[in-house]
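Enquirer: Residues 81 to 353, numbered by the working numbering, are exactly what the sequence shown covers, in order. We treat Cβ as the ideally placed atom computed from N, Cα and C, and that holds for glycine. One structure, pasted below without further comment.
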Amino acid sequence: MSSLVFFVETISSGLYILCGGGILWMAARLFRARRDLSLAQFKLEREQALVRRASAITVGGLLVELLLSVWAISMFVAPNLRDLRITGGAASDAGMERFVTSTPAANAPLSLNTTPQESGSDQIFATPVPTATLVGTIMPDAGEIVGCPADSANIEIPANGQLIFESTPVIGTASISNFAFYRFEIKPDVDEAQFSPIGDYDQPIVNGPLGSISPLNFAPGRYRFRVTVFDNTQWLRALCEITIFIGEPEPTATPVVPTSDTSGIITVPTPTP
Numbered sequence: 081m082s083s084l085v086f087f088v089e090t091i092s093s094g095l096y097i098l099c100g101g102g103i104l105w106m107a108a109r110l111f112r113a114r115r116d117l118s119l120a121q122f123k124l125e126r127e128q129a130l131v132r133r134a135s136a137i138t139v140g141g142l143l144v145e146l147l148l149s150v151w152a153i154s155m156f157v158a159p160n161l162r163d164l165r166i167t168g169g170a171a172s173d174a175g176m177e178r179f180v181t182s183t184p185a186a187n188a189p190l191s192l193n194t195t196p197q198e199s200g201s202d203q204i205f206a207t208p209v210p211t212a213t214l215v216g217t218i219m220p221d222a223g224e225i226v227g228c229p230a231d232s233a234n235i236e237i238p239a240n241g242q243l244i245f246e247s248t249p250v251i252g253t254a255s256i257s258n259f260a261f262y263r264f265e266i267k268p269d270v271d272e273a274q275f276s277p278i279g280d281y282d283q284p285i286v287n288g289p290l291g292s293i294s295p296l297n298f299a300p301g302r303y304r305f306r307v308t309v310f311d312n313t314q315w316l317r318a319l320c321e322i323t324i325f326i327g328e329p330e331p332t333a334t335p336v337v338p339t340s341d342t343s344g345i346i347t348v349p350t351p352t353p
């Protein structure tokens with residue numbers, strides 16, 4: 081049923097044209113039938129004109145109903161189904177499963193003993209610290225990776241748990257059969273938050289640059305970021321979801337420029353971050 085809804089949405093423009101043309105044709109046929117009825121002199125002619133008039137009214141009414149149905153599907157039904165599909169909400173149509181896997185996190189949370197140290201104890205307490213890697217700084221306690229099938233929707237950079245403080249390229253894969261487009265989405269890492277789209281792209285990519293993510297429009301904090309891949313029926317077919325941490329941009333050092341006063345003593349201003 082859902083596939084039929086998205087198919088109707090896809091061909092809605094053609095259906096509008098066909099319905100509009102059919103309605104105009106039935107209107108012209110109704111006009112001719114009414115003219116013939118007014119000019120008819122014999123019973124048979126009147127009966128034929130009445131049949132043509134009734135047929136034109138019936139078919140025209142059906143075309144109007146079809147036109148309104150296509151408009152309702154395109155404007156309301158299909159967008160609501162797509163939103164349910166993207167957010168993983170429950171849907172009544174078969175096949176609308178959530179893309180959730182039990183893939184373990186790339187950075188397992190560090191288990192700490194937080195019991196206060198007793199006097200004379202030899203127990204050592206660890207403090208979690210960010211880990212520097214080739215792709216960037218990885219923060220502890222990143223959430224689980226969701227989805228990320230290597231051949232259809234995968235994110236290599238940024239890594240799960242990576243700290244982002246400047247525009248960062250997104251490297252990975254977004255490619256499926258009957259590909260239509262892929263989308264970047266982001267939300268704060270809290271239960272009640274909903275994903276918001278931040279960019280659509282219409283070319284499939286395999287192990288290459290998917291785009292970039294800039295932290296300038298987001299407050300520092302912990303976020304869930306994902307790539308969603310859609311087919312030509314507007315179905316969400318694959319996704320890859322990770323945790324990222326957005327931080328403040330690194331300060332830029334002000335160059336030190338020696339200056340001198342009138343006494344000839346050279347002074348050096350204190351660098352500012």
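Which residues in the same chain have their Cβ closer than 6 Å to the Cβ of arginine 302, if we skip the five residues on either side of it in sequence?
Expert: Sequence index remark: in the sequence shown, residue 302 carries index 222 (1-based). Only Asp269, Phe325 meet the Cβ criterion.
Enquirer: Apart from the five residues just before and just after alanine 185, which ones in its own chain have a Cβ nearer than 7 Å to its Cβ?
Expert: Taking the first residue of the sequence shown as position 1, residue 185 is located at position 105. Low local confidence applies: a pLDDT of 41 at alanine 185 is under 50, so the model's placement there is unreliable, and no value is given.
Enquirer: Within this structure, are the beta carbons of arginine 114 and arginine 133 separated by less than 8 Å?
Expert: As a working note, residue 114 is residue 34 in the sequence shown. As a working note, residue 133 is residue 53 in the sequence shown. Yes, these two residues count as a Cβ contact at 8 Å.
Enquirer: Return helix, strand or coil for leucine 98, following the three-state DSSP convention.
Expert: The count along the sequence shown starts at 1 and reaches residue 98 at position 18. DSSP places leucine 98 in helix when its eight states are reduced to three.
Enquirer: Which of helix, strand or coil does DSSP assign to phenylalanine 275?
Expert: The residue given as residue 275 occupies position 195 in the sequence shown. Here phenylalanine 275 sits in coil by DSSP.
Enquirer: Please go through the same chain and pick out, in chain order, the residues whose beta-carbon is closer than 6 Å to the beta-carbon of glutamate 328, but skip the five residues on each side of it.
Expert: Reading the sequence shown from its first residue, position 248 is the one you call residue 328. In chain order, Pro300 place their CB closer than 6 Å to the CB of glutamate 328, counting only its own chain and leaving out the 5 sequence neighbours on each side.
Enquirer: Would you kindly work out how many angstroms separate the C-alpha atoms of serine 154 and valine 309, rounded to a whole number?
Expert: Numbered from 1 along the sequence shown, position 74 holds the residue referred to as residue 154. Numbered from 1 along the sequence shown, position 229 holds the residue referred to as residue 309. When rounded, the distance between both Cα atoms is 21 Å.
Enquirer: Isoleucine 97: buried (16+ other C-beta within 10 angstroms of its C-beta) or exposed?
Expert: The residue you call residue 97 lines up with position 17 of the sequence shown. Flag for isoleucine 97 reads exposed.
Enquirer: Whole angstroms is fine: what's the gap from leucine 104's alpha carbon to leucine 319's?
Expert: Here residue 104 refers to the residue found at position 24 when the sequence shown is read from its first residue. Here residue 319 refers to the residue found at position 239 when the sequence shown is read from its first residue. Take the alpha-carbon of leucine 104 and the one of leucine 319: they are about 46 Å apart.
Enquirer: Reducing DSSP to helix, strand and coil, say where glutamate 236 ends up.
Expert: Counting from 1 along the sequence shown, the entry for residue 236 is found at position 156. In the structure shown, glutamate 236 sits in a strand (DSSP, three-state: E or B).
Enquirer: Specify the secondary structure class of glutamate 89 as computed by DSSP and reduced to three states.
Expert: Within the sequence shown, numbered from 1, the residue matching residue 89 stands at position 9. Three-state DSSP puts glutamate 89 in a helix.
Enquirer: Would you decide whether asparagine 187 is buried or exposed? Buried here means 16 or more other CB atoms lie within 10 Å of its CB.
Expert: The residue labelled residue 187 in the question sits at position 107 within the sequence shown. With a pLDDT of only 44 at asparagine 187, under the threshold of 50, the placement of this residue in the model should not be trusted, and no figure is reported.
Enquirer: Any idea which residues DSSP pairs glutamine 242 with across the strands?
Expert: Numbered from 1 along the sequence shown, position 162 holds the residue referred to as residue 242. According to DSSP, glutamine 242 bridges with Ile218, Ile324.
Enquirer: Which of the three DSSP states, helix, strand or coil, is assigned to isoleucine 256?
Expert: What you label residue 256 is simply residue 176 of the sequence shown in a count that begins at 1. Isoleucine 256 falls in the coil class under three-state DSSP.
Enquirer: Run through DSSP, which three-state label would valine 270 get?
Expert: The residue labelled residue 270 in the question sits at position 190 within the sequence shown. Residue state, collapsed to three classes: coil.
Enquirer: Tell me the rounded alpha-carbon separation between glutamine 314 and glutamine 242.
Expert: Counted from its first residue, the sequence shown places residue 314 at position 234. Counted from its first residue, the sequence shown places residue 242 at position 162. Going by the C-alpha atoms only, they are around 31 Å apart.
Enquirer: Rounded to whole angstroms, what's the CA-CA distance from glycine 102 to glutamate 89? Just pull it up for me.
Expert: Here the question's residue 102 lines up with position 22 in the sequence shown. Here the question's residue 89 lines up with position 9 in the sequence shown. When rounded, the distance between both Cα atoms is 20 Å.
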